[in-house]
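As structure tokens, the structure follows; a few thoughts come after it.
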Amino acid sequence: MATINGTPGNDQRITVGSNDELLGLEGNDILDAGDGKGNNTLRGGAGDDELFAYSNDQLFGDAGDDDLYSDGEGNNTLDGGEGNDEIFPDRNDTVDGGIGDDIIFAGRGGNTFTGGLGKDVFWIANVELPENPNTITDFNFAEDTIRVDLAGVENFNDLSITQQGNDSIITALGTQLVTVSGVVPSQLNPQNVVVDKNAPDNPGLDKPVIEDATFSIREHSVEETLIGTVSANDSDKNDILIYNITDGNLDIDGDGNTAFTIDGTSGEIIVNDSDDLDFEKNPIFNLLVTVADNSSFSQNANITINLQDEPLPEFDIEQSKQGIFSLIGDTQEKANILFSLVGTDADNISELGVFIVDENNAVNGITPDSPEYIQEALQQSKVIFSAINNQPNGYAELEKTRILEGYQSGERLVFYLVTNSTTDNVISDETSPNNVLLSSTFSSSDFAQVKIADMGNGKFELAWEDQIGGGDRDFNDLVLNLEITNQSAPNGTSQAGNTAELIDLRQFAGETVTVTAEVFREAKFDNEVVFYRLDNPDGIIDSLNPNRDRDYLNAALENLVKDTNGEVFTLKADNQSTASITADIIAESIFAPMMIVNGNLQQLQDNDTSNDPTVYFPYIGANSDGVDHIRLLGDNIFGFEDLRNGGDMDFNDMVVKIAVE
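According to full-length UniProt numbering, the stretch in the sequence shown is residues 1 to 661, in order.
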């Protein structure tokens, strides 16, 4: 149960729940409970509002010329309030026009109408006969008008008006249309009961229009793959269309699951059972899709789905309707995925990552509805990159890409965005904050934080909105492309399943490699970056753990990376400038960066501890403020933040790109 408020402006407020209250306040508002679960209350407030009910809802137009609609299962209360309102009931609704000259339509019948004060118009039949008679409780035969528009009813004399007690019964074409309470037949005449062949629009009386269509899809496409969208429209104002597959949806393998499903509201046809898509057994599906409006009018379309008899590619990637990506292929080889940053336009810096889910969207058995889901997912994730806004001089020209290796056919991927923070911070806090946004809503009604565009040839664009619930809905806060690639990750790129920013040279163990660093700086502090050797990606040095051992800094200083001349590989640059530094290094293990803030290595190594500068590591537990100070900006690209507690969190104080040859 919730109260959803509008603003003094023009608002659109929607509920999909029950027992909610929507308040439009001032302005011309749209309040919609048509997709709700009933028992909601909608109040338009001042302004010309549109209100939509489903079942057992209460609509109050309040002041203004309002439109009230009953679009669901009926049994609603529709109160126009003050103003000249138009009210469109459905069935078994209670209608009160309130103060003003109102127009009330018949709907499907069984409704009770009270016009209220003013010159009201009651359309008791408009093109279609009601299923059940309606009742008018307060017809003022001197001011109000009853109107009829039916084929076969040409004038007043074609209507039958009989008396029942103190009431009048109006019948047309053998069907009782309405009971007019407290009014006898002698008080009804052609002036207040009008046969009008120029009826205004009455929602639900025109049939929807649906188009035949043909789609093609590769045989055995993975389940939840979007095939295409059936197109339909209805000229009736605010009609709701519902789609169903009514014929031709075969169960080829006989397992009880038909080949396709259709989204009842969008018309999207989706793969339901991959095993049914067998070209050799059934190359063509001829579906009959029916679309119906909320007045029970329907039309059919012939939808042809052709299966493509082609071998699976060595690897491909497909998107499900839920925003989950599946890897497919007929090979035992593993796939690499290339991520390319397109752009960013956001006030905050967010971090993008990916994790694998099973067929139930669970991670290690923990499902999305569990409060532990985010923590579990991020602990199994791989960070892709962050995108910085305030870029140091020269940095914009860098190609920001990331290649993740080793994905297998059948794996299902969910992407996530940590807004204004990092994966490390979330894991360190051991909570599931609401700033972790997912590429999938898992069929919930939550706002979809990412727009996914199929660019063709297995390439997709992901455009993220980083404000929870939609914000400005510009979907340009972080935009990237992803695709399968034959490229390998650059030398040194860490593929470890943790979030640390590392250079992994284990494949070159014992060899001499040439390391080139491009350094970019946007900071007042004179910082340095050096590297130290690790035993494993978790940061262990001779059994010392970065997250709990106080002597970790000394261990790092004893394991500094040096070139073949014995000089420590040290990176620095002047402010607002770039530097390129090259060294030949004997590749021994995994190297981790360490930032020395507003100081130098010599100060750390002398015997004077009073001049020791602050040092930040890739491991939060080793940082004195417990905050993440290094971000991955692409393959072997690291962004550093030099201010304590994250400072301005721009991660551009130093940016380092490493190339290994």
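Note that the Cβ used here is the ideal one computed from N, Cα and C, for glycine as well.
Chain-order list of residues whose beta-carbon lies under 6 Å from that of Ala659 (same chain, five-residue window excluded): Thr516
Neighbourhood of Gly264 by C-beta, 6 Å cutoff - its chain only, sequence neighbours within 5 removed: Ile242 and Tyr243
Cβ-based burial, Asp625 [other Cβ within 10 Å; buried from 16]: exposed
Buried or exposed (CB count within 10 angstroms, at least 16 for buried), Lys382: buried
Beta carbon of residue 672 nearer than 8 Å to that of Ser340: Lying before the first or after the last residue shown, residue 672 is absent from the chain, which here runs from 1 to 661.
Ordered list of beta strand (DSSP E) runs contained in the region 84 to 118, each at least 3 residues: 86 to 88, 94 to 96, 103 to 105 and 112 to 114
Asp158, DSSP secondary structure in three states: helix
Exposure of Met1, with buried meaning 16 or more beta-carbon neighbours within 10 Å: exposed
Whole-Å CB distance - Leu502 paired with Ser494, under 8 Å assumed: 4 Å
Three or more C-beta pairs below 8 Å linking the region 244 to 254 and the region 343 to 357: no
Limits of the unbroken beta strand (DSSP E) element including Asp584: Thr578 to Ile586
Buried or exposed (CB count within 10 angstroms, at least 16 for buried), Ser610: exposed
Range of the contiguous alpha helix (DSSP H) that encloses Leu241: Neither: Leu241 is in no alpha helix (DSSP H) and is coded neither H nor E.
Ile270 versus Thr367 - alpha carbon distance: 23 Å
Whole-Å CB distance - Phe122 paired with Asp93, under 8 Å assumed: 14 Å between Cβ atoms; not a contact.
Residue range of the beta strand (DSSP E) that includes Ala172: Asp167 to Ala172
Helix, strand or coil at Asn434 [DSSP, three-state]: coil
Contacts around Asp466, its chain only, beta-carbon distance under 6 Å, and the 5 residues preceding and following it disregarded: Ala346, Ser350, Thr419 and Asp477
Leu205 versus Ser432 - alpha carbon distance: Low per-residue confidence applies at Leu205: pLDDT is 45, beneath 50, and the placement is therefore not dependable, though the value from the model is reported in the following sentence. Answer to the nearest angstrom: the Cα atoms are 49 Å apart.
Sheet register partners of Lys572 (DSSP bridge): None, per the DSSP bridge assignment.
Ala151 - DSSP class collapsed to helix/strand/coil: coil
Length of the line joining the Cα atoms of Ile581 and Gly394: 15 Å
Proximity to residue 665 [Cα-Cα], best of Ile356, Ala387 and Asn425: This structure does not reach residue 665, given that the chain is present from 1 up to 661, and the question cannot be answered.
Length at least 3, wholly inside the region 385 to 448: the beta strand (DSSP E) runs in chain order: 401 to 407, 412 to 418 and 436 to 438
Status (buried if at least 16 other CB within 10 Å, exposed otherwise) for Asn425: buried
Gly72 versus Asn39 - alpha carbon distance: 12 Å
Coil, strand or helix - Asn645 by DSSP: helix
Collapsed DSSP secondary structure at Asn10 in the structure displayed: coil
Pairwise C-alpha distance: Asn302 and Glu211: 8 Å
Neighbourhood of Ile161 by C-beta distance below 8 Å, restricted to the same chain and skipping five residues each side: Ser168, Ile169, Ile170, Thr171, Pro185, Leu188 and Val193
Lys281 burial status per 10 Å Cβ neighbour count (16 or more: buried): exposed
DSSP three-state assignment for Pro537, whether helix, strand or coil: coil
Selected residue, minimal CA-CA separation from Gly6, among Gly17, Asp29 and Asn559: Asp29
For Ala362 and Pro613, the rounded distance between their alpha carbons: 45 Å
DSSP beta-bridge partners of Leu327: Ile317
For residue 668, the first and last residue of its enclosing alpha helix (DSSP H): The requested residue 668 is not part of the displayed model; the chain covers only 1 to 661.
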